[in-house]
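Residue numbers (the numbering used here), protein chains in the order written: chain D, 224 to 375; chain Z, 224 to 375; chain H, 224 to 375; chain X, 224 to 375.
There are 4 protein chains.
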Amino acid sequence: MPIQLRWSDLDAYGHVNNAEMLRLLEEARIAAFWATDDPAAGATTAVLDSSPGADTLSLIARQEVEYLAPVPYWRAPLDVQLWVGRMGGASLEVCYEVCSPLGEEPAIVYTRAMTTIVLVDRASDRPRRISTREREAWSPYAGEPPAFRRSR
Amino acid sequence: MPIQLRWSDLDAYGHVNNAEMLRLLEEARIAAFWATDDPAAGATTAVLDSSPGADTLSLIARQEVEYLAPVPYWRAPLDVQLWVGRMGGASLEVCYEVCSPLGEEPAIVYTRAMTTIVLVDRASDRPRRISTREREAWSPYAGEPPAFRRSR
Amino acid sequence: MPIQLRWSDLDAYGHVNNAEMLRLLEEARIAAFWATDDPAAGATTAVLDSSPGADTLSLIARQEVEYLAPVPYWRAPLDVQLWVGRMGGASLEVCYEVCSPLGEEPAIVYTRAMTTIVLVDRASDRPRRISTREREAWSPYAGEPPAFRRSR
Amino acid sequence: MPIQLRWSDLDAYGHVNNAEMLRLLEEARIAAFWATDDPAAGATTAVLDSSPGADTLSLIARQEVEYLAPVPYWRAPLDVQLWVGRMGGASLEVCYEVCSPLGEEPAIVYTRAMTTIVLVDRASDRPRRISTREREAWSPYAGEPPAFRRSR
């Protein structure tokens, strides 16, 4: 999935700031998961209505991010690979590899990351189960967790 | 350590955004670790010169963050507890608990986090060992890693 | 009014980014104008309830900003002077000078700026008149507009 | 020029924050002015090398921004019109209208703005004259300043 940098994502070291990287992951999640009216979207993971007025809130419960190499400024969009890790009752893991723009050689994996999302029912303010429709939409994109180098 | 929120740290859900939380951790690290000319600083962890022209670059290699509760807007500074986890040859772990402002009851732990930092020699662009002076400055602040709820 | 920089306010040129400057102005406005429960605030400009659930929304209608000198990173808070310019029926001008930290010599005026704010009634979504209480609270802080160098 | 919003551009009021708007203008300037190796760019305004190592620094001297209507979240890119206002010896005005995405009806002009840029020679740290090549590249895009509603 192409994710466009902004020049202001760089910090005073001239690299994409480590906090800003989480905004890039956020943009990738939105592109992948948020429901869209676009008929071209076809069969898709985009079944989650996370708009402010929606019934479900998707809360970030955990982030794990490995920064393998500093990300310089690119005018072409970064190539963000995104897939689904473990699905629990009310939570799911979203996994990512953030890579140099498509077509650039050599291809570089800058960052590996995993986000744990909990679906929360806005009315009750409590976690709600992943629906059958959501599970079916996301299952084809399931995969192994990222190949993190370090671990606790 | 008191860390002041900005109103713009909130996102459209009205909570501190998960990416913005990493900026708060960054501010806490700077307050704790960056060398200062302030004589009031006394005996201190602040022995690391991370200014842009310095010999050492402290790179973020890994972030692990657990978001336990949404952070609302506070005008009083958040209370960020910061300590040192494992020290390796060229890397160290910085551990945090981000809490409600001091004096607020009940006290709330919003976030637990751990950052792995690698010290890089700017001239050679390669990791460099933690110096004896740094190790001595940081050792009194060593502690166990944060009590994360979830793990891989 | 002391306004604390964050290291991430710097951009890749190593100066506070021009957009980020508007966040600093926002923080200065909040410190000056937003109602507070703090009894130490005493007689004050802080009579405006701009909390998300409040009756009044203060919308930014216009910003005019002159950047006189690049702002480097300071650990001590910048000194932001803030006063009230012209008050209209439903709008007011907030004027600023953003200066180097108090006590630094020579003192530097980095930025002069003016924000036009319109008070909007949330229920009707239309501008509402400045109240007598607000006008009385703000009048002692009235002054001339900033001494801009350039103009249209 | 299409400029993509990020969800994090929204603030707690659910609209694009007034400071964040300046980042959108920055992205539009970069897309229009920064030199590119892309041969498809053809005859173009993109003759300014503003990369960190370049000879010229383009400093923001002044911003004037009118916010005509709050900008909601759009997944489709905003349509930013950009043209050149007055060119001085070492400075130029960049003018903008930030509009709803192309094809949306009714079209909305959200923001009008003007940025004064000063070209600074990095070696001498002093303003340098706009070159003939730059003047020729930018002249076809010259126009009247934005139709601001308010003025000093």
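Where a beta carbon is used, it is the ideal one built from N, C-alpha and C, also for glycine. A quick note: this is a predicted structure, and the numbers were derived from the prediction, not measured.
Subject >> Residues bridged to I340(X) [DSSP beta-bridge criterion] >> reply: I283(X), L315(X)
Original post:
Are P295(Z) and Q227(Z) touching if we call contact CB-CB under 8 Å?
Top reply: no
Original post:
Taking 8 Å as the CB-CB cut-off, is A284(X) touching chain H?
Top reply: yes
Original post:
Going along the chain, which residues of its own chain have a beta-carbon closer than 6 Å to the beta-carbon of S323(D), five neighbours each way excluded?
Top reply: A330, I331
Subject >> Exposure label - T334(Z); buried when at least 16 CB within 10 Å >> reply: buried
**OP:** Say whether chain X places a C-beta atom closer than 8 Å to the C-beta of T288(H).
**Re:** The sequence as given places Val at residue 288(H); Thr does not occur at that position. True, the Cβ-Cβ gap to chain X drops below 8 Å.
Original post:
Taking Cβ-Cβ distances shorter than 7 Å, what residues in chain D pair up with L245(Z)?
Top reply: N241, A242, L245
Subject >> Under 8 Å between C-beta atoms of V288(Z) and R285(D) >> reply: yes
Subject >> Any chain Z beta carbon closer than 8 Å to E327(H) >> reply: no
Subject >> Same chain only: Cβ atoms within 7 Å of D232(D), ignoring 5 sequence neighbours per side >> reply: V239, N240, E243
Original post:
Anyone know if the C-beta pair for V343(H) and R349(H) falls short of 8 Å?
Top reply: yes
**OP:** Just the chain X side, please: which residues come within less than 8 Å of L233(Z) by C-beta, in chain order?
**Re:** D234, A235
**OP:** Give a yes or no on whether the C-beta atoms belonging to V307(Z) and E316(Z) are separated by under 8 Å.
**Re:** yes
**OP:** Could you tell me whether the Cβ of E249(H) comes closer than 8 Å to any Cβ of chain Z?
**Re:** yes
**OP:** Could you confirm whether any beta carbon from chain D is found closer than 8 Å to the beta carbon of Q304(X)?
**Re:** no
Subject >> Any C-beta of chain Z under 8 Å from that of I253(H) >> reply: yes
**OP:** Determine the direct distance from the alpha carbon of M337(Z) to that of R358(Z), and round the result to whole angstroms.
**Re:** 18 Å
Original post:
Of the choices L248(H), V341(H), G366(H), P363(H), whose alpha-carbon is the least far from that of A292(X)?
Top reply: V341(H)
Original post:
What are the boundary residues of the alpha helix (DSSP H) that includes L305(Z)?
Top reply: Premise fails: L305(Z) lies in the beta strand (DSSP E), 301–310, not in any alpha helix (DSSP H).
**OP:** Starting from T339(D), find everything on chain Z with Cβ-Cβ shorter than 7 Å and list it in chain order.
**Re:** R373
Subject >> Neighbourhood of A266(H) by C-beta, 7 Å cutoff - its chain only, sequence neighbours within 5 removed >> reply: Any reading at A266(H) must be qualified, since the residue scores a pLDDT of 45, below 50, and its modelled position is unreliable; the value itself is stated next. Excluding residues within five positions, none has a Cβ falling inside 7 Å.
Original post:
Just to confirm, are S314(H) and T339(H) a CB contact at a threshold of 8 Å?
Top reply: yes
Subject >> Opening and closing residue of the alpha helix (DSSP H) in which R204(Z) lies >> reply: Residue 204(Z) lies beyond the residue range present for chain Z, which begins at 224 and ends at 375; the question has no answer from this structure.
Original post:
Taking Cβ positions, are V321(X) and L247(X) nearer each other than 8 Å?
Top reply: yes
**OP:** Between the Cα of I283(Z) and those of W361(D), D234(D), R229(D), spot the shortest distance and give me the residue it belongs to.
**Re:** D234(D)
Original post:
So is R229(H) in contact with chain Z if we call contact Cβ pairs under 8 Å?
Top reply: yes
**OP:** Would you tell me roughly how many angstroms separate the C-alpha atoms of R229(Z) and M310(H), rounded to the nearest one?
**Re:** 27 Å
**OP:** Measuring alpha carbon to alpha carbon, tell me which of Y236(D), S362(D), S281(D) ends up nearest S281(Z).
**Re:** Y236(D)
Original post:
Does the beta-carbon of R252(H) have 16 or more other beta-carbons within 10 angstroms, so that it is buried, or is it exposed?
Top reply: buried
Original post:
Of the choices M224(H), L305(H), F256(H), whose alpha-carbon is the least far from that of P369(H)?
Top reply: L305(H)
Original post:
For W361(H), does the count of other Cβ atoms within 10 angstroms reach 16, so buried, or fall short, so exposed?
Top reply: buried
Subject >> Segment limits, alpha helix (DSSP H) that includes R356(D) >> reply: 355–361
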